[in-house]
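Beneath this line is the structure, given in structure tokens, with notes to follow.
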Amino acid sequence: MAMERVWPLTAEEQEATTKPSAAGTPTVIVDDLHIVYKVYGATSAEEKGNAATALLRLVKRQGRPQMREVHAVKGVSFVARHGDAIGIIGRNGSGKSTLLRAIAGLLPPHSGAVYTDGQPSLLGVNAALMKELTGERNITLGCYAMGMTPSEVRAKYDEIVDFSGIGEFVQFPMSTYSSGMGARLRFAIASAKVHDVLLIDEALATGDREFRKRSQKRIMQMRESAGTVFLVAHNLDVIEETCNRVIWLHKGKIKMDGDPAEVIGAYNKA
Amino acid sequence: MSQPDSAVADAQGGAATESLAALAKRHGLRRAIARPSLPFYVGQLWARRHFVLKYATSRNVSKYSQSMLGQLWQLLTPLLNAGVYYLMFGVILDQKKDISNYTAFLITGVFIFTFTQRTVSGGAKSISNNLSLIRALHFPRAALPLAYAVQELQQLLWSMLVLIGIVVLTGEPITLYWLLIPVALVLQLTFNIGASLFMARVGAFARDMNQLLPFIMRTWLYASGVFFSIPDRVADLPESLAFVQYIMELNPAAAYIELMRDLLIQSHTPPQWAWTTAIFWAVFALVIGFWYFWRAEERYGRG
Chain A
1 MAMERVWPLT AEEQEATTKP SAAGTPTVIV DDLHIVYKVY GATSAEEKGN
51 AATALLRLVK RQGRPQMREV HAVKGVSFVA RHGDAIGIIG RNGSGKSTLL
101 RAIAGLLPPH SGAVYTDGQP SLLGVNAALM KELTGERNIT LGCYAMGMTP
151 SEVRAKYDEI VDFSGIGEFV QFPMSTYSSG MGARLRFAIA SAKVHDVLLI
201 DEALATGDRE FRKRSQKRIM QMRESAGTVF LVAHNLDVIE ETCNRVIWLH
251 KGKIKMDGDP AEVIGAYNKA
Chain B
1 MSQPDSAVAD AQGGAATESL AALAKRHGLR RAIARPSLPF YVGQLWARRH
51 FVLKYATSRN VSKYSQSMLG QLWQLLTPLL NAGVYYLMFG VILDQKKDIS
101 NYTAFLITGV FIFTFTQRTV SGGAKSISNN LSLIRALHFP RAALPLAYAV
151 QELQQLLWSM LVLIGIVVLT GEPITLYWLL IPVALVLQLT FNIGASLFMA
201 RVGAFARDMN QLLPFIMRTW LYASGVFFSI PDRVADLPES LAFVQYIMEL
251 NPAAAYIELM RDLLIQSHTP PQWAWTTAIF WAVFALVIGF WYFWRAEERY
301 GRG
């Protein structure tokens, strides 16, 4: 992998610097990406999940029928550049989250490739948090999970508490939080770290209007420092206000890619 | 493919004839998925040490957070365990006749074996139980089985407190040998980490392992001389089967149990090669386990 990074300046490259180029240099290139993943434990209506049928399947050498393959992303290509904030829209199950995970390098391509500059990070620390623990412990735990050092955590701690606006609830277990408070704290923790390429999946779905405004501002800041932000959301207003480009995914394929107003307009009509 | 490469490039205002792969090359972008080299991986893991410790502590705290007695259970659980095993094997089955200070003998065996058993079982589940974490964040995956091992170590330190109390109460003197207790525990911990890393990879890809593991563990428990003394048990075997004793004593769990009994109980004589066996298994398990786990690093959570 080191080989790919050290790229000698070829004639082509020198020529490239003189070429007229678009807004910025590419940060993420997705090249004919296909993602297929396996799901365990999925059964269809006619299969009953009891031991006798399982034994019968073994005897008949039918392998593992409860394992299904899902072809979630089917040939997606695009180039994202510095300064882009790209919204990804589409119905449930259209492959939005899968695409983000693939860009983050957390799902391997079935075919095709994702090329990135640096390590894109998914704004999702939720999985590391434990709801039985206090907000305070979860802040530290979440920050460590994202790879921060103890001094970085100490420096950011107050800011996280302030931004989440949960106040004295930070001393209470997260299981006692309202869903809005939980979402605010999660977003505050996740956005405490500086990222190269940032992928945001439904982070703004909950929370009140005031918090949504603040987090949108935070995303704008991150976009300035990060270079590229990807945003998945069902709330189209958020996308239209935050993004300068929108990709519409439909059944794992790109249906439309371009100006937010245009794409969202077409999406609403469909 | 939904769109030809050139169309995408056109839309971006770039070179119309260039393929996306070439564009990526030209700008020095690289593919995201690759396994780091072994030394680099160790470095990454070291950088995540705070996460490992915090995750372990958090899991221990959250485990008892719903109960009224809370963290007191860290102490109560080993105490109750000791009581139950003593009732079963010391009183009801009356195993104690040939072994002096059977109480200390038994409780040492149970606690030391439990440490290895729980770490290895935890390791086997550490990947499959944390798929959402693996699919959301980048970190060296070995941090998960390591965190489980640290969690069990924290639990063991409470158990050792109970154990030392029991040993003293049953009349064993405090000797200089006790200074070797941490050494024995470090050796066992090293073995546990190695075995747990190995089982973590096995458990991540062979999902039926978690159903099978309790049976393997119970067999291991019965073979490790927790309730009986291995030399006594094989004494009746014919001369031609004498090697059975050596095989049983080569078992790593038996070695760590015997080591601790040797340190804590004066009248106990350990097998000749206990320290050698213990050191060998620690080094062997860690090297093989770590290497084996690392070999699949980029594939965890991708099933």
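Protein chains in written order, with this note's numbering: chain A, 1 to 270; chain B, 1 to 303.
Heads up, the beta-carbon is just placed ideally off N, CA and C, and yes, glycines get one too.
Note that the structure is predicted; figures quoted are calculated from it, not measured.
Next on the checklist: Which residues of the segment 141 to 153 of chain A have a Cβ closer than 8 angstroms to any Cβ of chain B? Give them in chain order.
Outcome noted: Leu141, Tyr144, Ala145, Met146, Gly147, Thr149 and Pro150
Checklist entry - Going along the chain, which unbroken runs of the beta strand (DSSP E) with 3 or more residues stay wholly within the segment 81 to 137 of chain A? => result 85 to 89, 111 to 116 and 121 to 123
Next on the checklist: Closer than 7 angstroms between beta carbons: that is the criterion. Which residues of the segment 132 to 165 of chain B meet it against chain A?
Outcome noted: Ser132, Leu133, Arg135, Ala136, Leu137, His138 and Phe139
Item to check | Contact with chain A by Ser19(B), beta-carbon distance below 9 angstroms | outcome: yes
Checklist entry - Can you tell me the Cα-Cα spacing of Ser196(B) and Lys125(B), whole angstroms? => result 9 angstroms
Checklist entry - How would you list, in chain order, the residues of chain A whose beta-carbon sits under 9 angstroms from the beta-carbon of Gln66(B)? => result Glu132
Checklist entry - Among the residues of its own chain, which have a CB less than 6 angstroms from the CB of Ala192(A), if the five just before and after it don't count? => result Lys156 and Ile160
Item to check | Opposing strand residues paired with Asp201(A) [DSSP bridges] | outcome: Val232(A)
Next on the checklist: If you follow the alpha helix (DSSP H) that Pro78(B) is in, where does it begin and where does it stop?
Outcome noted: Trp73 to Tyr85
Item to check | Burial state of Val238(A), where buried means 16 or more other Cβ atoms lie within 10 Å | outcome: buried
Checklist entry - In chain order, what residues of the same chain have a beta carbon less than 7 angstroms from the beta carbon of Thr18(A), not counting five sequence neighbours either side? => result Here the model assigns Thr18(A) a pLDDT of 35, short of 50, so the residue's position is not dependable and the matter cannot be decided.
Item to check | Closest by C-alpha distance to Gly75(A), when choosing among Ser97(A), Glu69(A), Val36(A) and Thr53(A) | outcome: Val36(A)
Item to check | Reduced DSSP secondary structure (H/G/I, E/B, other) of Val194(A) | outcome: coil
Next on the checklist: Which residue wins for smallest C-alpha separation from Tyr102(B), given the options Arg26(B), Ala47(B), Pro214(B) and Gly171(B)?
Outcome noted: Gly171(B)
Checklist entry - Would you call Asp158(A) buried or exposed, if buried means 16 or more other Cβ atoms sit within 10 Å of its Cβ? => result exposed
Next on the checklist: Using CA atoms only, rank isn't needed, just tell me which of Thr25(A), Leu249(A), Thr134(A) and Gln216(A) is closest to Asn92(A).
Outcome noted: Leu249(A)
Item to check | Collapsed DSSP secondary structure at Ser77(A) in the structure displayed | outcome: strand
Checklist entry - Since Asp262(B) and Asp98(B) are thought to touch, with beta carbons under 8 angstroms apart, how far apart are those beta carbons, to the nearest angstrom? => result Wrong, their Cβ atoms sit about 18 angstroms apart, outside the cutoff.
Checklist entry - So is Gln221(A) buried or exposed if we call it buried at 16+ other beta carbons inside 10 Å? => result exposed
Item to check | Rounded straight-line distance, which links the Cα of Arg68(A) to that of Val59(A) | outcome: 20 angstroms
Checklist entry - Going by the beta-carbon positions, is the gap between Ala200(B) and Ile127(B) smaller than 9 angstroms? => result yes
Item to check | For Ile35(A), the three-state DSSP class (helix, strand or coil) | outcome: strand
Item to check | Residues sharing a beta bridge with Pro26(A), DSSP | outcome: Arg81(A)
Checklist entry - Going by other Cβ atoms of all chains shown within 10 Å of its Cβ, with 16 needed for buried, is Asp10(B) buried or exposed? => result Note that Asp10(B) has pLDDT 43, beneath the 50 cutoff, so the model's placement of it is unreliable and no number is given.
Checklist entry - Does Ala266(A) have its Cβ less than 9 angstroms from a Cβ in chain B? => result no
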